[in-house]
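First up is the structure itself, then whatever we jot down about it.
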Amino acid sequence: MEKPLVSVILLCYNQEDFIAQAIESVLAQETDFNYEIILGDDASDDDTTHICQQYKHIYPDKIVLQLNENNKGICRNYFDCLMLAKGDYIADCAGDDFWLDPHKLQREIDAFRAHPQLSFVYARAKNWMQNRQEFEEQTSPYQEQIFRDKDFGPATAARFLSKQFFPTVVLSAATYRKEIVLKAYQAFPEIFIASSVVAEDLPITSVLLMAGPACYLPYDHLAYRVLDESVSHSRDLYKKHRFIWTCARQTYQIAQCLGLGKKSIKSFMKRALRDELHYAYQTRNEDFAKEIFSFWTSTGYRKRLKDYVKYALILILA
0 MEKPLVSVIL
10 LCYNQEDFIA
20 QAIESVLAQE
30 TDFNYEIILG
40 DDASDDDTTH
50 ICQQYKHIYP
60 DKIVLQLNEN
70 NKGICRNYFD
80 CLMLAKGDYI
90 ADCAGDDFWL
100 DPHKLQREID
110 AFRAHPQLSF
120 VYARAKNWMQ
130 NRQEFEEQTS
140 PYQEQIFRDK
150 DFGPATAARF
160 LSKQFFPTVV
170 LSAATYRKEI
180 VLKAYQAFPE
190 IFIASSVVAE
200 DLPITSVLLM
210 AGPACYLPYD
220 HLAYRVLDES
230 VSHSRDLYKK
240 HRFIWTCARQ
250 TYQIAQCLGL
260 GKKSIKSFMK
270 RALRDELHYA
280 YQTRNEDFAK
290 EIFSFWTSTG
300 YRKRLKDYVK
310 YALILILA
């Protein structure tokens, strides 16, 4: 079989109700190049594994099936699949999401062909509200292609980590150069697969923006399925804030490891620290407050008098 130009990483775990739609949306791509699908099933205990095996049987030359004996977690599963990829470019899709456009991959590769200096190409994601079975009403102000050939490097990566890079990047609506991420992964594995890492897209997008510019395409390429309960969305407020807090700590670690400096993300980090300390105050969560305050002290970021007062009140009232 001809070497694939693109490898699509499709991770899944206990997603028997959604995985077929995700796979079908990738198989529906119309391209003038070869691509492969790397299915990474993370030791599912429902029917997900069986569904993946059926697709592998039907498309033996298109699908690479990675069945984990033990659950590895999203990040290690992702990078183990990345190491299997034969393509020069990587796209991905979560097992509970799906692509919306059969021209997604072709459009993104065409952008690389037009602008060889790109590190990645991305488009829009639409929120599919699973409980309502409809798309969330969203109007993007970005209706034209955006390509800023000088917009990359440490300052750009810091803007992304501080949530100041627009249009917003959703990695499953993107295609990127594998070589850039592989080199960074080999140099700084701790920011990609450490046990504290919960979001694979943060380090990937950061190292891509360090290396080269991005191109935004004004198309809806991804349906992001919003569930009542998932890794990044939860009705449980503590779980929700714990995820936000872990992402903030991960952001700090990435900035330090890539040499961006803590000053480059100071405003974002201080806002995150104060928001989570306030949540700990509202819920009288002493352990969470101690964790936040200890980390805050370790960063060297200054605290206001009211931050000390709030922390003291938590300890008194808990």
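If you read the sequence shown in numbering that gives the first Met the number 0, its first letter stands for residue 0, the second for the next number, and so on. C-beta: ideal position from N, C-alpha, C; glycine also.
At a Cβ threshold of 8 Å, is residue i touching chain B?
i, result
"D200", "Here there is only one protein chain, and chain B is not present."
Of the residues the options, which one's Cα is nearest the Cα of residue i?
i, options, result
"V7", "R112, Q65, L276, S263", "Q65"
"Q116", "L208, V168, R224", "L208"
"T30", "C51, A122, P3, R303", "P3"
"E135", "K125, E143, Q144, S195", "K125"
"G260", "I145, F191, A90, P153", "P153"
"A42", "N33, N76, Y88", "N76"
"K309", "T298, S297, N284", "N284"
"A27", "C11, L99, E1, I253", "L99"
"Y121", "D44, P166, H49", "P166"
Excluding sequence positions up to five away, which residues of its chain have a Cβ less than 6 Å from the Cβ of residue i?
i, result
"K269", "Y300"
"F97", "Q20, A21, S24, A222"
"W295", "L272"
"R224", "D95, D96, W127, Q129"
"A320", "Here the chain has residues from 0 to 317 only, and residue 320 is not among them."
For residue i, I'd like the list of residues in its chain whose CB is within less than 8 Å of its CB, leaving aside the five on either flank, ordered along the chain.
i, result
"V197", "I73, C74, V230, F242, T245, C246, Q249"
Go through its chain and collect everything with a Cβ distance to residue i's Cβ below 7 Å, but skip five positions before and after it.
i, result
"L83", "I37, V63, Q65"
"Q14", "T47, G94, D95"
Within the continuous alpha helix (DSSP H) that includes residue i, where are the two ends?
i, result
"L236", "236-256"
"R106", "103-113"
"D79", "73-83"
"A157", "153-160"
"F165", "Here F165 belongs to no alpha helix (DSSP H), and DSSP marks it neither H nor E."
"Q28", "Counting along the chain, Q28 falls outside any alpha helix (DSSP H), and DSSP gives it neither H nor E."
"R270", "265-282"
"T138", "Note, T138: premise wrong, no alpha helix (DSSP H); not H, not E."
"Q52", "47-57"
"D200", "200-210"
When you compare only the Cα positions, how much space is there between residue i and residue j?
i, j, result
"Q255", "Q53", "44 Å"
"C214", "L226", "29 Å"
"D60", "K289", "53 Å"
"L104", "H220", "9 Å"
"D148", "T155", "12 Å"
"H102", "Y218", "10 Å"
"I50", "Y58", "12 Å"
Check for me: the beta strand (DSSP E) holding residue i runs from which residue to which?
i, result
"A173", "173-176"
"R123", "119-128"
"I62", "62-66"
"L216", "213-225"
So who's on the other strand from residue i, going by DSSP bridges?
i, result
"L10", "G39, A93"
"L88", "First, the residue type needs correcting, since residue 88 is Tyr and not Leu in the sequence shown. V5, R176, per the DSSP bridge assignment."
"E133", "M128"
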